[in-house]
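Convert by adding 105 to the 1-based position in the sequence shown; the result is the number in the working numbering.
Glycine is no exception: its CB is placed at the ideal position from the N, C-alpha and C atoms.
None of these values were measured; they are calculated from a predicted model.
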Amino acid sequence: MFSMFFGAGNVVFPLALGQIAQDKTIFAIIGLLFSAVAVPFLGLITMILFDGNYRAFFSRIGEMPGFIVSCIIMGLIGPFGAIPRCISLSHSTLSMFLNDGGISLPLFSLLSCVIIFLFTFRPGRILDLLGYVLTPFLLLSLGIIIIKGMMSTKTMHSSTLGDINSFLFGFKEGYQTMDLLGAFFFSSVVLLGLKNDFEPKSKSDFKRLTLLAIKASLVGAFLLAIIYIGFSFVAAYYSDSLTLVSQDKLIGAIALQVLGPYAGITTSVAVALACLTTAIALTNVFAEFLHKDISKKKLSYFTSLLITLAVTFIVSTLDFNGIVKFLSPILQVFYPSLILLTLLNLLYKLYGITLVKGPVLALFLLTLIFEMYPFISSIF
106 MFSMFFGAGN VVFPLALGQI AQDKTIFAII GLLFSAVAVP FLGLITMILF
156 DGNYRAFFSR IGEMPGFIVS CIIMGLIGPF GAIPRCISLS HSTLSMFLND
206 GGISLPLFSL LSCVIIFLFT FRPGRILDLL GYVLTPFLLL SLGIIIIKGM
256 MSTKTMHSST LGDINSFLFG FKEGYQTMDL LGAFFFSSVV LLGLKNDFEP
306 KSKSDFKRLT LLAIKASLVG AFLLAIIYIG FSFVAAYYSD SLTLVSQDKL
356 IGAIALQVLG PYAGITTSVA VALACLTTAI ALTNVFAEFL HKDISKKKLS
406 YFTSLLITLA VTFIVSTLDF NGIVKFLSPI LQVFYPSLIL LTLLNLLYKL
456 YGITLVKGPV LALFLLTLIF EMYPFISSIF
């Protein structure tokens with residue numbers, strides 16, 4: 106559960122939070138924990154109540170609107186957002202430790218796409234085995250950074266943000282992790298994994314399966330929360346030396362300062378590999394979606410995979426900061442409505458409350474107007 110959610114955004118944005126919030130980090134973390142931990146896992150639990158069926162989940166706002174929203178979300182966690190962001194972060198993190206800056210981003214992206222293709226064209230157990238080894242090592246490395254960083258004698262600098270603004274900053278920064286979007290589609294993977302070990306045959310068995318999924322969700326949420334809190338505070342303590350460091354280089358810079366050059370590069374390689382394995386999993390998910398749901402199998406899986414990787418390569422050349430600028434306004438507009446849809450669908454499953462279309466559409470339009478107002482006012 107943890108490894109599925111842990112990607113590029115989960116590394117960068119908690120660090121960026123502490124870098125900016127500084128002595129107001131505690132308020133920013135509370136906001137981040139709401140939007141990047143509580144909301145995604147609430148979405149995951151709600152999807153589990155829908156038996157992992159995202160079509161049923163989104164069709165409550167209408168068949169066609171639900172399908173369009175599904176396509177947009179898949180695009181964002183796929184080749185238009187999360188996958189190229191993982192590749193670009195891997196490049197930025199590794200290039201910090203190479204004297205000549207390493208290979209160029211386009212060449213690195215091309216090589217990454219080739220590696221992803223080799224893993225996804227013939228999916229096998231090697232990715233699972235890599236995950237079993239990599240995730241514990243990654244957790245250990247990040248845990249050492251957090252513990253050593255928190256033991257620092259450095260003091261936090263004063264932030265220009267107020268308490269409420271820090272909370273709102275942290276809450277909106279949580280959108281960038283895109284974990285709620287991932288939760289809508291990861292739920293089926295979670296249920297399938299549990300069903301492989303425990304085949305439900307009766308109503309009580311399904312209840313037990315749901316409880317197991319919820320327990321797994323809580324463990325995953327706890328691990329993410331610990332990483333977020335630790336990262337944010339470490340970045341806050343080291344904020345004076347991170348002033349000129351861009352977001353995509355934060356993990357490398359902190360690993361270098363806290364662990365030194367040799368342990369720092371080991372951790373950075375682990376982060377880069379974790380991002381790459383996340384990109385592999387997401388590529389497989391999107392290619393299957395393009396193959397089965399969008400093209401209705403008119404496009405082969407092979408063709409769908411090539412299209413996915415071609416778009417990924419193009420978007421990844423924008424570099425990490427360029428991708429963030431592209432994604433940010435889209436997430437700001439869509440995220441509040443998706444949170445509301447999740448809450449209303451949860452109430453529907455628990456209490457039979459059917460109200461959904463009006464509130465979700467109204468919030469979406471209000472958010473769209475609010476986000477576009479500065480642009481519109483500048484024209485007139």
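Restricting to Cα atoms, I'd like to know which of the options is closest to residue i.
i           : options               : result
residue 216 : 299, 386 and 196      : 196
residue 214 : 264, 452 and 423      : 423
residue 127 : 327, 330 and 342      : 342
residue 353 : 408, 447 and 189      : 189
residue 436 : 282, 345, 403 and 365 : 282
residue 387 : 256, 192, 240 and 347 : 192
residue 348 : 262, 455 and 241      : 262
residue 490 : 280, 293 and 129      : Residue 490 lies beyond the residue range present for the chain, which begins at 106 and ends at 485; the question has no answer from this structure.
residue 246 : 180, 326, 199 and 372 : 372
residue 255 : 434, 470 and 359      : 359
residue 457 : 144, 154, 418 and 112 : 154
residue 162 : 293, 242 and 107      : 293
residue 432 : 278, 242, 363 and 464 : 278
residue 385 : 241, 184 and 168      : 184
residue 366 : 415, 441, 250 and 243 : 250
residue 316 : 329, 446 and 296      : 296
residue 471 : 441, 453 and 452      : 441
residue 438 : 405, 408 and 478      : 478
residue 169 : 313, 381 and 399      : 399
residue 145 : 210, 284 and 241      : 284
residue 418 : 212, 443 and 166      : 212
residue 222 : 390, 476 and 452      : 390
residue 434 : 312, 408 and 476      : 476
residue 110 : 406, 327, 160 and 166 : 327
If residue i and residue j are in contact, beta carbons under 8 Å, what's the gap, nearest whole angstrom?
i           : j           : result
residue 449 : residue 461 : 5 Å
residue 412 : residue 420 : About 13 Å separates the two Cβ atoms, so there is no contact after all.
residue 355 : residue 142 : About 20 Å; that fails the 8 Å criterion.
residue 194 : residue 187 : Not a contact, Cβ separation roughly 10 Å.
residue 338 : residue 140 : Going by Cβ atoms, the distance from residue 338 to residue 140 rounds to 18 Å, so no, they are not a contact pair.
residue 225 : residue 410 : 6 Å
residue 198 : residue 376 : 6 Å
residue 115 : residue 455 : Not really, about 29 Å apart at Cβ, beyond 8 Å.
residue 325 : residue 107 : 5 Å
residue 465 : residue 445 : 6 Å
residue 323 : residue 299 : Not quite, the Cβ-Cβ distance comes to about 14 Å (not below 8 Å), so this is no contact.
residue 383 : residue 157 : Not confirmed; about 20 Å, so no contact.
residue 414 : residue 218 : 5 Å
residue 201 : residue 357 : 4 Å
residue 253 : residue 381 : Contact flag wrong, Cβ pair sits at about 26 Å.
residue 453 : residue 459 : 6 Å
Requested in this report: Scan the segment 344–371 and note each continuous alpha helix (DSSP H) run of 4 residues or more that stays entirely inside, going in chain order.
Outcome: 355–364
Report task. Give a yes or no on contact between the segment 264–278 and the segment 119–138, applying the rule of three or more CB pairs nearer than 8 Å. Result -> yes
Query - alpha helix (DSSP H) segments (min. 4 residues) lying fully within the segment 390–433 - result: 406–421
**Report entry** Three or more C-beta pairs below 8 Å linking the segment 390–410 and the segment 174–186
**Finding:** yes
Query raised in the report: Does the pairing of the segment 142–152 with the segment 280–292 give three or more beta-carbon distances under 8 Å?
Result: yes
**Report entry** Three CB pairs or more closer than 8 Å across the segment 112–125 and the segment 327–338
**Finding:** yes
Query - Whole runs of the beta strand (DSSP E) within the segment 258–286, excluding any shorter than 3 residues - result: none
Report task. List in chain order: all unbroken alpha helix (DSSP H) runs of 4+ residues lying wholly within the segment 108–174. Result -> 113–126, 130–138, 144–154 and 159–163
Query raised in the report: In the segment 432–468, which residue ranges form an unbroken beta strand (DSSP E) of at least 3 residues, counting only runs that do not cross its ends?
Result: none
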